[in-house]
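Peer 1: Got a structure for you, questions after.
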Amino acid sequence: MTVSTEKRPQAKKALRVTAFAAESSLISLTDFRNVYGSTPALRVRLIRQGVRAVEVKDMVRMMDTPQDRVFKFLRLSTATVNRKASRDEELSAEDSERVVGMSNLIGQVQAMVEQSGNPEGFDAAKWVAHWLEEPIPALGGECPASYMDTMEGQKLVSNLLATMQSGAYA
86 MTVSTEKRPQ AKKALRVTAF AAESSLISLT DFRNVYGSTP ALRVRLIRQG
136 VRAVEVKDMV RMMDTPQDRV FKFLRLSTAT VNRKASRDEE LSAEDSERVV
186 GMSNLIGQVQ AMVEQSGNPE GFDAAKWVAH WLEEPIPALG GECPASYMDT
236 MEGQKLVSNL LATMQSGAYA
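For what it's worth, this note's numbering labels the leading residue of the sequence shown as 86, then goes sequentially.
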């Protein structure tokens with residue numbers, strides 16, 4: 086009897102882990118709105134399992150900007166991403182965290198435009214890629230891209246966007 090009760094919680098735990106894995110694999114890095122709208126716990130799972138390098142390259146293509154430029158401000162090695170993409174491998178959790186942060190930021194912009202007006206014809210990925218490289222007075226004249234290599238920097242940029250949407254910053 087004791088053996089069966091010990092195995093039961095383990096079986097339930099295995100089912101939960103499988104459900105987590107299935108749920109996090111349903112989110113594509115390039116489905117920006119879903120990344121942004123997902124729970125922090127789900128994003129953490131996505132980061133821990135590692136983002137497929139192929140998806141990172143897809144995200145950069147959608148941003149319509151040179152990959153070297155995006156990789157530089159995300160502090161990603163071009164050679165590593167290209168090698169892992171050719172082998173269909175995942176990035177490390179550390180690299181995945183910055184990439185998921187970028188996807189989340191694009192999703193935030195997409196959500197802002199959807200909430201504020203007509204999103205028809207608006208391309209959030211391209212807009213973010215351009216905006217990140219523009220000097221911003223609220224950042225002391227620095228470009229938001231210079232903050233994208235850390236999670237604190239990404240939070241700062243995200244908060245700046247939210248402030249801009251609310252009209253508190255002009």
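Quick reminder that beta carbons are idealized off the backbone N, C-alpha and C, glycines included.
Any heavy atom of the ligand PLP within a distance shorter than 6 Å of the CB on residue 205?
Peer 2: What this structure holds is no ligand at all, so the ligand PLP is not there to describe.
Peer 1: Under DSSP, the alpha helix (DSSP H) around residue 159 begins and ends at which residues?
Peer 2: First-last for residue 159: undefined, no H or E at that position.
Peer 1: Could you check the C-alpha separation between residue 175 and residue 232 for me, to the nearest Å?
Peer 2: About 24 Å.
Peer 1: Does the beta-carbon distance from residue 132 to residue 170 come in below 7 Å?
Peer 2: No, Cβ-Cβ distance for residue 132 and residue 170 is not below 7 Å.
Peer 1: Under three-state DSSP, which class holds residue 175?
Peer 2: Reduced to three states, the DSSP call for residue 175 is strand.
Peer 1: Mind checking which residues open and close the alpha helix (DSSP H) that includes residue 125?
Peer 2: Taken as a continuous stretch (DSSP letters only), the alpha helix (DSSP H) holding residue 125 covers 125 to 134.
Peer 1: Along the chain, where does the alpha helix (DSSP H) containing residue 121 start, and where does it finish?
Peer 2: Counting along the chain, the alpha helix (DSSP H) containing residue 121 begins and ends at 117 to 122.
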